[in-house]
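Student: For the sequence shown, UniProt numbering begins at 1 and goes up steadily by one. Idealized CB from N, CA, C, for every residue including glycine.
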Amino acid sequence: MKRYNTERLADVDRFLKLDISKDKELQEIVELAAEICGSPIAMITLMDGETQFVKFRTGADIDQVDYTNTFCQFTLKSDDLLIVPDATKDKRFADNVFVQGSPHLRFYAGMPLTTEKGNAVGTLCVFDTQIRDLPELEKEMLRSLAQQVTRLLEFDITHQILKEQYEQSLSSSNTLLAYFQSSSSCHLLMDENMRVVAFNQSISDLIFKNRQAYLKVGSDVKPYVHPEFLDEFVAYFNRALSGENISVERHLEYFKGKICWYVNFECAFDSRGQRIGVSLNATDITASVNNQERLKAQLQAIERINDLQVNELIRPIERININIKKLNLIPELAATEEFLVLYASLQELLEKQQLIASGADQVK
Numbered sequence: 001m002k003r004y005n006t007e008r009l010a011d012v013d014r015f016l017k018l019d020i021s022k023d024k025e026l027q028e029i030v031e032l033a034a035e036i037c038g039s040p041i042a043m044i045t046l047m048d049g050e051t052q053f054v055k056f057r058t059g060a061d062i063d064q065v066d067y068t069n070t071f072c073q074f075t076l077k078s079d080d081l082l083i084v085p086d087a088t089k090d091k092r093f094a095d096n097v098f099v100q101g102s103p104h105l106r107f108y109a110g111m112p113l114t115t116e117k118g119n120a121v122g123t124l125c126v127f128d129t130q131i132r133d134l135p136e137l138e139k140e141m142l143r144s145l146a147q148q149v150t151r152l153l154e155f156d157i158t159h160q161i162l163k164e165q166y167e168q169s170l171s172s173s174n175t176l177l178a179y180f181q182s183s184s185s186c187h188l189l190m191d192e193n194m195r196v197v198a199f200n201q202s203i204s205d206l207i208f209k210n211r212q213a214y215l216k217v218g219s220d221v222k223p224y225v226h227p228e229f230l231d232e233f234v235a236y237f238n239r240a241l242s243g244e245n246i247s248v249e250r251h252l253e254y255f256k257g258k259i260c261w262y263v264n265f266e267c268a269f270d271s272r273g274q275r276i277g278v279s280l281n282a283t284d285i286t287a288s289v290n291n292q293e294r295l296k297a298q299l300q301a302i303e304r305i306n307d308l309q310v311n312e313l314i315r316p317i318e319r320i321n322i323n324i325k326k327l328n329l330i331p332e333l334a335a336t337e338e339f340l341v342l343y344a345s346l347q348e349l350l351e352k353q354q355l356i357a358s359g360a361d362q363v364k
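(1) Who does Val84 pair with in a DSSP beta bridge?
(2) Grouping DSSP H, G and I as helix and E and B as strand, with all else coil, what is Lys55?
(3) Roughly how many angstroms lie between the CA atoms of Lys256 and Ile44, to the nearest whole one?
(4) Whose C-beta lies closer than 8 Å to the C-beta of Arg275 among residues of the same chain, with five residues either side of it excluded?
(5) Who are the near neighbours of Ile259 in its chain, counting only those whose CB is closer than 7 Å to its CB and skipping five residues on each side?
(6) Quick one: using the 10 Å Cβ neighbour count with 16 as the cut-off for buried, is Ser279 buried or exposed?
(7) With the cut-off set at 8 Å, would you say Asp90 and Arg106 are in Cβ contact?
(8) Hey, which unbroken runs of the beta strand (DSSP E) at 3 residues or more fall wholly within the segment 201-256?
(9) How many Å lie between Gln73 and Arg57 at the Cα?
(10) Leaving out five residues before and five after Lys216 in sequence, what residues of the same chain have Cβ atoms less than 8 Å from its Cβ?
(11) Measuring only the C-alpha atoms, how far is Pro40 from Asp133?
(12) I'd like the list of long-range same chain contacts for Phe98, defined as Cβ closer than 6 Å, with 5 residues on each side in sequence excluded.
(13) Determine the direct distance from the alpha carbon of Asn119 to that of Thr175, and round the result to whole angstroms.
(14) Considering only C-alpha positions, which residue in the set His159, Phe155, Leu81, Ile161 is nearest to Val126?
(15) Within 10 angstroms of its Cβ, does Ser173 collect 16 or more other Cβ (buried), or is it exposed?
(16) With DSSP run on the structure shown, which of helix, strand or coil describes Ala282?
(17) Buried or exposed: Val54, going by 16 or more other Cβ atoms within 10 Å of its Cβ?
(18) Please report how far the alpha carbon of Val263 lies from the alpha carbon of Glu249, in whole angstroms.
(19) Between Asp13 and Asp48, what straight-line distance do the alpha-carbon atoms span, to the nearest angstrom?
(20) Report the residue from Arg92, Arg272, Thr115 whose alpha carbon sits nearest the alpha carbon of Asp156.
(21) In or out: Gln52 buried (at least 16 other Cβ within 10 Å) or exposed?
(22) Measure the alpha-carbon distance for Cys37 versus Leu142 and round it to whole angstroms.
(23) When the Cα of Asn281 is compared with those of Gln160, Ser219, Phe208, Asn5, which residue comes out closest?
(24) Quick check: what's the CA-CA separation for Glu293 versus Ser271?
(25) Drop a sphere of 10 angstroms on the beta-carbon of Gly273, count the other beta-carbons inside from all chains shown, and report buried for 16 or more, exposed for fewer.
(26) For Tyr254, tell me which candidate among Leu299, Ala235, Ser288, Phe208 has the shortest Cα-Cα distance.
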């Protein structure tokens with residue numbers, strides 16, 4: 001990914017100017033990343049060609065960093081997670097001001113935030129002052145969280161475009177309209193009587209595929225809504241119309257299987273601040289949810305295995321330890337080579353037991 005790529009910089013600029021509505025969700029993600037990776041510092045950043053802007057953070061008090069002093073400049077060039085176990089041993093970072101000076105960073109893991117168009121606009125990253133690595137499970141979870149960050153940011157972008165499309169109508173810029181129409185999320189604007197005002201191609205395709213109907217401007221929305229979701233839909237619409245911002249996750253069954261949606265209902269206003277209706281934005285998060293459930297199951301399996309290993313070792317080791325203590329009371333036996341070998345083997349078993357136990361605690 002080129003530092004000064006024009007298309008990438010345009011996307012970054014769009015995100016930097018965005019009035020982010022998902023502050024709570026994004027802050028929770030950055031805190032979760034720190035917890036999962038056992039790192040004292042975690043950040044969600046956006047990066048143009050000169051500066052890294054820290055939008056959300058935990059464990060650090062910093063708003064921006066010069067591009068040349070960032071770890072994440074190298075993450076942007078990667079299509080995947082970048083891991084740096086010991087920055088002092090990596091020539092790219094050994095002389096970095098944050099390695100040589102406070103907070104004396106050593107460990108880094110960063111995942112690029114890549115848009116649907118393939119542009120890396122920033123990173124989700126974690127830091128530590130200790131030399132270490134990141135287990136595969138935590139790597140997968142960091143990748144998954146980075147995808148969620150990108151979805152939430154693009155969700156807000158398309159939501160903003162939806163409002164602009166309504167206000168500008170047919171005079172909307174081709175660039176904004178193309179971005180809105182190409183979004184994989186579903187976007188719908190309804191008036192105060194729950195009639196269709198504007199929509200994008202994704203929701204039109206979804207309704208035709210599952211309801212065999214064409215979404216039309218001016219039509220009542222209710223016949224297009226999934227039957228299992230209709231009552232909730234109406235309730236959320238009314239709450240949003242009164243000014244409440246509603247965000248929910250909902251599993252719905254379709255002909256080709258179940259889809260998990262992240263759905264947002266929000267009161268919509270025109271450029272004069274007059275209420276015009278409700279905007280609905282829905283993103284398919286099925287893959288992310290399934291991935292998190294799989295990772296959670298793997299984590300639980302690791303915990304069970306560790307617990308089993310610890311418990312299976314405890315009793316045999318205790319019995320061996322008791323018998324060795326008894327043998328140690330017999331001078332003739334305690335001085336033999338066989339006894340010393342047996343004693344050394346016991347110490348090795350005790351060390352392995354402690355190692356497994358400490359590993360289980362780290363997983364938990």
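Tutor: In terms of the structure at hand:
(1) Counting from one through the sequence shown, the residue named residue 84 turns up at place 84. DSSP lists Tyr108 as partners of Val84.
(2) The residue you call residue 55 lines up with position 55 of the sequence shown. Strand, per DSSP.
(3) The residue given as residue 256 occupies position 256 in the sequence shown. The residue given as residue 44 occupies position 44 in the sequence shown. Taking the CA atoms as reference points, Lys256 sits about 35 Å from Ile44.
(4) Here the question's residue 275 lines up with position 275 in the sequence shown. If we look at Arg275 and ignore the five residues flanking it on each side, its Cβ neighbours are Glu192, Leu241, Cys267, Ala268, Phe269.
(5) Position 259 of the sequence shown, counted from the first residue, corresponds to residue 259. Non-local beta-carbon contacts of Ile259 in its own chain, meaning distances under 7 Å to residues more than five positions away in sequence, involve Leu252, Asp284, Thr286 in chain order.
(6) Within the sequence shown, numbered from 1, the residue matching residue 279 stands at position 279. By the 10 Å Cβ count, Ser279 comes out buried.
(7) Taking the first residue of the sequence shown as 1, we reach residue 90 at position 90. Taking the first residue of the sequence shown as 1, we reach residue 106 at position 106. Contact annotation: Asp90 and Arg106 have beta-carbon atoms that are not nearer than 8 Å.
(8) List check, beta strand (DSSP E) in window: 246-254.
(9) Working through the sequence shown from its first residue, we reach residue 73 at position 73. Working through the sequence shown from its first residue, we reach residue 57 at position 57. Rounded to the nearest whole angstrom, the CA to CA distance from Gln73 to Arg57 is 18 Å.
(10) Counting from one through the sequence shown, the residue named residue 216 turns up at place 216. Closer than 8 Å at the Cβ level, and outside the excluded window around Lys216, lie Val196.
(11) As a working mapping, residue 40 is identified with position 40 in the sequence shown. As a working mapping, residue 133 is identified with position 133 in the sequence shown. Taking the straight line from one Cα to the other gives about 14 Å.
(12) The residue labelled residue 98 in the question sits at position 98 within the sequence shown. Apart from sequence neighbours up to five positions away, the residues of its chain that approach Phe98 with a beta-carbon distance below 6 Å are Leu105, ordered along the chain.
(13) The residue you call residue 175 lines up with position 175 of the sequence shown. The residue you call residue 119 lines up with position 119 of the sequence shown. Annotation note: pLDDT 49 at Thr175 (below 50); position unreliable, coordinate value reported separately. Thr175 and Asn119: Cα-Cα distance of roughly 16 Å.
(14) Within the sequence shown, the letter at position 126 stands for residue 126. Among His159, Phe155, Leu81, Ile161, the Cα nearest to that of Val126 belongs to Leu81.
(15) The residue given as residue 173 occupies position 173 in the sequence shown. With a pLDDT of 48 at Ser173, under the threshold of 50, the predicted position of this residue should be treated as unreliable, and no value is reported.
(16) Within the sequence shown, residue 282 is the residue found at index 282, counting from 1. Secondary structure of Ala282 (DSSP, three-state): strand.
(17) As a first step, residue 54 must be located in the sequence shown, where it is residue number 54. Answer is buried; the Cβ neighbour count reaches 16.
(18) Here residue 263 is taken as the residue at index 263 of the sequence shown, counted from 1. Here residue 249 is taken as the residue at index 249 of the sequence shown, counted from 1. Approximately 6 Å between the Cα atoms of the pair.
(19) Taking the sequence shown and counting its residues from 1, one reaches residue 13 at position 13. Taking the sequence shown and counting its residues from 1, one reaches residue 48 at position 48. Going by the C-alpha atoms only, they are around 8 Å apart.
(20) Within the sequence shown, numbered from 1, the residue matching residue 156 stands at position 156. Measuring C-alpha to C-alpha distances from Asp156 to each of Arg92, Arg272, Thr115 identifies Thr115 as the nearest.
(21) Counted from its first residue, the sequence shown places residue 52 at position 52. The residue in question, Gln52, is buried, as its Cβ has 16 or more Cβ neighbours within 10 Å.
(22) Within the sequence shown, numbered from 1, the residue matching residue 37 stands at position 37. Within the sequence shown, numbered from 1, the residue matching residue 142 stands at position 142. Looking at the two C-alpha atoms, the distance is approximately 8 Å.
(23) As a position in the sequence shown, residue 281 is number 281, starting the count at 1. Considering only Gln160, Ser219, Phe208, Asn5, the residue with the shortest C-alpha distance to Asn281 is Gln160.
(24) If you number the sequence shown from 1, residue 293 lands on position 293. If you number the sequence shown from 1, residue 271 lands on position 271. Between the C-alpha atoms of Glu293 and Ser271 there is a straight-line separation of about 42 Å.
(25) Here residue 273 is taken as the residue at index 273 of the sequence shown, counted from 1. So Gly273 ends up on the exposed side.
(26) Residue mapping note: residue 254 aligns to position 254 of the sequence shown, counting from 1. Distances from the alpha-carbon of Tyr254 to those of Leu299, Ala235, Ser288, Phe208 put Phe208 closest.
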